[in-house]
Amino acid sequence: MSASPPAGSYLIADCGHATTTVALFDRVAGRQRLIATASAPTAAGSPAIDIAEGIRQAVRRLEAITGRSLLSSAGDVVTPAQPSGTGVDYFGLTISAAPPLRAVIAGLVEDASVASARRALATIYATEVDRLTLSDTRDEEAQINTLLSEQPDIVILTGGTDDGEGRLLLRILDTIDLALSLREGGRSPRVIYAGNRALREQVTTALGNQATTHVVSNVQPTLDTEQLGELSDLLGELYQELKLDGVPGFDAAASWQSYRAKPGARALGQMIRYFGALYRGRVLGLDVGSDSITIAAADGDALQLTVRTAMGMGRPLPALIDDAAAAEILSWLPMEFTADALRDFAHTKALYPATIPMCEEELLLEQALTRYLMGRAVREAGETWGWAQAGGEAPTFSLLLLRGEALTQNVRSGQALLMALDALQPAGVFSVALDQYGVLPALGLLAEHDPLTVVQVLEGGVLLDLGWVIAPRGRTTGRRSPLRVKVNAETQGNLNVEVEPGELMLLPLAAGEKAQLSLEPARGVDVGFGPGQGKKLTVHGGVLGLVIDARGRPLNLPTDDEERRETLRRWRWDMGG
Amino acid sequence: MVRTTRVSPLTHILRERLLPQAGEVTVSRGQKVSPVQVVARTSEPQGYKIIPAAEILEVPPEEVPKYLLVEEGAAIQRKKPLLRRSRLLGSKQYVSPINGVLYQVGNGRLILQHTPRLLELRAMVDGLVHTIRPGRGVVIETTGALLQAAWASAQEGYGKIRVVAEADAPLRARHIDTDARGAVIVAGYVYELEPLEKAEEHSVRGIIAGSMPSTLLPALDRFRFPIMITEGFMGQPMAEPFFQLLQQAEGREASLFGQSSGAERNRPEIIIPLPVDRPLESLSPQAPVLAPGDLVRVLRAPYAGQIGEVVAVHTQPRRSGIGIQTPGADVAIAGEEAVFIPMANLDLLR
Chain U
1 MSASPPAGSY LIADCGHATT TVALFDRVAG RQRLIATASA PTAAGSPAID IAEGIRQAVR
61 RLEAITGRSL LSSAGDVVTP AQPSGTGVDY FGLTISAAPP LRAVIAGLVE DASVASARRA
121 LATIYATEVD RLTLSDTRDE EAQINTLLSE QPDIVILTGG TDDGEGRLLL RILDTIDLAL
181 SLREGGRSPR VIYAGNRALR EQVTTALGNQ ATTHVVSNVQ PTLDTEQLGE LSDLLGELYQ
241 ELKLDGVPGF DAAASWQSYR AKPGARALGQ MIRYFGALYR GRVLGLDVGS DSITIAAADG
301 DALQLTVRTA MGMGRPLPAL IDDAAAAEIL SWLPMEFTAD ALRDFAHTKA LYPATIPMCE
361 EELLLEQALT RYLMGRAVRE AGETWGWAQA GGEAPTFSLL LLRGEALTQN VRSGQALLMA
421 LDALQPAGVF SVALDQYGVL PALGLLAEHD PLTVVQVLEG GVLLDLGWVI APRGRTTGRR
481 SPLRVKVNAE TQGNLNVEVE PGELMLLPLA AGEKAQLSLE PARGVDVGFG PGQGKKLTVH
541 GGVLGLVIDA RGRPLNLPTD DEERRETLRR WRWDMGG
Chain R
1001 MVRTTRVSPL THILRERLLP QAGEVTVSRG QKVSPVQVVA RTSEPQGYKI IPAAEILEVP
1061 PEEVPKYLLV EEGAAIQRKK PLLRRSRLLG SKQYVSPING VLYQVGNGRL ILQHTPRLLE
1121 LRAMVDGLVH TIRPGRGVVI ETTGALLQAA WASAQEGYGK IRVVAEADAP LRARHIDTDA
1181 RGAVIVAGYV YELEPLEKAE EHSVRGIIAG SMPSTLLPAL DRFRFPIMIT EGFMGQPMAE
1241 PFFQLLQQAE GREASLFGQS SGAERNRPEI IIPLPVDRPL ESLSPQAPVL APGDLVRVLR
1301 APYAGQIGEV VAVHTQPRRS GIGIQTPGAD VAIAGEEAVF IPMANLDLLR
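Those protein sequences? They're chains U and R, same order as listed.
Everything in the first sequence is counted per the working numbering, starting at 1 for the first residue and increasing by one.
Everything in the second sequence is counted per the working numbering, starting at 1001 for the first residue and increasing by one.
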């Protein structure tokens, strides 16, 4: 991070697959503020993606909103700001619109170094197209033919602890070497060696003439150590070099930028880490995009990041809906609907990913799909991160940050929160905020260059604070209350609430207003401090006030269809309709 | 700025034809081409076969070359001997399991390369070679009608247009008769497999419809002809401007370019060439800005597939019927009072 922050005006573009959002930050009354944001489809009216054109269109909207002139007559972003007031001091770019990096992971043991390499690969937009391990039952011929036909961009070779036995890894190296020697035409994949350090020279010598080989630290130098940093950083570099540079319009957009472009997921991860450090606790960020979903969890300074390509509310949708998925999605609908009609809808949505619902039925369909994707993405990320998955419950968080059009643009606040509570079923006491203007990646990019601007912009209230949620884990028998809550608010006075089992309720607490809470859970019920353990704590109100979700964890939806629909309608009503 | 779909009766068309991998271009710039003409070709690798020769012959790896009957790099034929080791008591022979080339000998194994498959790229449309993309293909220039579909199966095809059902009527098996042979069939929508199976039997060259249920998708691989959908998968009829244009082109040759399995990139196209004696201007590549009077198609329910005229454009967000704040336009649909439609749900037809 820069030692002396260069305060000034910033224009940051975030280019997603479906939508490009531009955000303008500038000084207002001595503090850095978000001035405005504007969006445009990334494809910008043309059948093909051209990110420069998408940015221009979004900036023109921004110009119309702010009355400022930001583009030259040739359509270039003007930097630095001119004395006439045209332009901005800095322009930056975050991108998730590039195609994913095609990767092959080769290594010894699935659960050890290969799993580590997969975790590193998951931090960028990548697709694992093949895997070569000791447990691979294919013969060498099949492995080689697959390596050739899949045309990977990168091959990650890993395995073995440092200075350990290397014979088995050399066998896999031999297969890769042979496959590379048989390639005809096309670009040779980059090989990344992240295994036993004793074999580095042998690997680079063997592959020297076949492919550019990068060597990084072993991802598992000892049986109980994992170090993903170097591999993860290199993957970021290679994504930029091999994929971002090839995105149509990137050259033009890159010629305007003041900083190196950053993959959108990495920029978001940066911000989640920032909040983790700020809250000194666990923060979960979730970005439900059109072509990918990013899940980021920070625990203090430590960040875990997973990007799920081939998962999103646009093109990937049809392939995600197998029979089990359809049953789960339909279970979130408060009206009758068939699996075939759901698939027809998903296929059509995949054709027109930027479209938004115009009737209640399609809004409910999109929200049911969103619940399914959020739940699955976090569940699967949790598995790779080694979260305890007892009963399918997510760990506790201090803050849940949500972004993506399905959660922030096309939905009421109560519905957004209900989707998150249904899909993730978080427990404990936590606050929830929406990236309502879609600026978190922009701030993630800025955080590296001007952290003070990030602090001031956040203080200015760019996130929509939905409020605090109290979600007990565990159930009581009969009608016995699982939780008593005493609220002592600054202006609204005292409130004593005996929560009924299964109840979902909004308590009035004005946005920003502080309140002292006293939580008294019933025996066996846990609000995050141990079963039956109460707590006094201070919270503040959000746009939804204070939320109590006593539906229990995991959620049990009634098995009777009509009863289930009625329950879903009631929850929706309880959260403001 | 808005999503755009071409549905133009007469326009200047540039159609790129590219090989999936590097190859050889077989036509020259300015040359007239017909749909069947090969414009580029390449050989598609079919993979390798690895023979553990040392193991088979029971000799050390370095001795394998001594027993080879074919030189490295030479052609090999299935069932013809590759290796022979003579012994006192008879000989041990190994025959080639494939046709191809003995690609490499090393480490005691033979790498055999399957004969590559010749891949020929045809023009698929009447026109002139406008640009050569060296080693990859060509851009063909033509004039005529151009329609962009929403989705297509991956195949390509061309044939005379034959409209067999109205814009809101389904394709039925009885529509596919002997006259359908070699034709591109147009109907309002498809809802069952039977007419498609009959179309395959009758050598139909393509089917264009408004919509099709997604349950049919897994079955489409077996058909050799392309199927193009102009609207989506939710039972929509074909939008009137598409249907009218195809109806007017009845009997003319149409080229169907699939190439897309969805989304915004490389939209599937229908080209109906029509020679003109005057130069036509290409459409500006600039993204269009929506304006009153524009013809638009609505992409989402409750107006999905309906065509209307833009009455007013709202660049500042407005509240939609279900409370979403978004820019959009007032659109008069079927002569009714204009309704506000979010910009994201509009498709400008031009």
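C-beta atoms are modelled at their ideal positions from N, C-alpha and C, and glycine is treated no differently.
Model, not experiment: these values are computed from the prediction.
Here's a check: name, in chain order, each residue in its chain whose Cβ is nearer than 6 angstroms to the Cβ of residue i, leaving out the five neighbours to either side.
| i | result |
| --- | --- |
| residue 505/U | 548 |
| residue 460/U | 33 |
Going by CA-CA distance only, name the one from the options that's closest to residue i.
| i | options | result |
| --- | --- | --- |
| residue 272/U | 256/U, 401/U, 315/U, 238/U | 401/U |
| residue 1289/R | 1105/R, 1320/R, 1313/R, 1170/R | 1313/R |
| residue 294/U | 352/U, 246/U, 382/U, 577/U | 382/U |
| residue 1012/R | 1330/R, 1139/R, 1321/R | 1139/R |
| residue 148/U | 108/U, 104/U, 126/U, 125/U | 104/U |
| residue 1254/R | 1125/R, 1214/R, 1275/R, 1187/R | 1125/R |
| residue 591/U | 426/U, 22/U, 550/U | Nothing about residue 591/U can be reported from this structure: the residues present for chain U run from 1 to 577 only. |
| residue 484/U | 497/U, 569/U, 478/U | 497/U |
| residue 89/U | 155/U, 200/U, 256/U | 256/U |
| residue 1244/R | 1348/R, 1257/R, 1008/R | 1008/R |
Apart from the five residues just before and just after residue i, which ones in its own chain have a Cβ nearer than 7 angstroms to its Cβ?
| i | result |
| --- | --- |
| residue 234/U | 192, 214, 216 |
| residue 1242/R | 1007, 1147, 1230 |
Does the beta-carbon distance from residue i to residue j come in below 7 angstroms?
| i | j | result |
| --- | --- | --- |
| residue 1203/R | residue 1181/R | yes |
| residue 241/U | residue 1322/R | no |
| residue 602/U | residue 13/U | As displayed, chain U neither begins before 1 nor continues past 577, which places residue 602/U out of reach and without an answer. |
| residue 501/U | residue 476/U | yes |
| residue 348/U | residue 1232/R | yes |
| residue 1191/R | residue 1218/R | no |
| residue 102/U | residue 152/U | yes |
| residue 78/U | residue 87/U | yes |
| residue 261/U | residue 244/U | yes |
Taking CB distances under 7 angstroms as the criterion, tell me whether residue i reaches chain U.
| i | result |
| --- | --- |
| residue 1345/R | yes |
| residue 1152/R | no |
| residue 1214/R | yes |
| residue 1047/R | yes |
| residue 1322/R | yes |
| residue 1050/R | yes |
| residue 1022/R | yes |
| residue 1232/R | yes |
Tell me the DSSP secondary structure of residue i in three-state form.
| i | result |
| --- | --- |
| residue 522/U | coil |
| residue 259/U | coil |
| residue 21/U | strand |
| residue 488/U | strand |
| residue 1277/R | coil |
| residue 1230/R | strand |
| residue 541/U | strand |
| residue 441/U | helix |
| residue 1345/R | helix |
| residue 1144/R | strand |
| residue 1335/R | coil |
| residue 172/U | helix |
| residue 340/U | helix |
If you drop the 5 nearest sequence neighbours on each side, which residues of the same chain put their C-beta closer than 8 angstroms to that of residue i?
| i | result |
| --- | --- |
| residue 1026/R | 1038, 1039, 1040, 1041 |
| residue 1060/R | 1054, 1108 |
| residue 1199/R | 1176, 1180, 1185, 1207, 1223, 1225 |
| residue 138/U | 146 |
For chain R, check one thing: does any of its Cβ atoms lie closer than 7 angstroms to the Cβ of residue i?
| i | result |
| --- | --- |
| residue 348/U | yes |
| residue 15/U | no |
| residue 470/U | no |
| residue 150/U | no |
| residue 356/U | yes |
| residue 546/U | no |
| residue 352/U | yes |
| residue 576/U | no |
| residue 145/U | yes |
Determine whether the Cβ of residue i lies closer than 7 angstroms to any Cβ atom of chain B.
| i | result |
| --- | --- |
| residue 1300/R | Absence of chain B from the displayed structure is noted, the protein chains being U and R. |
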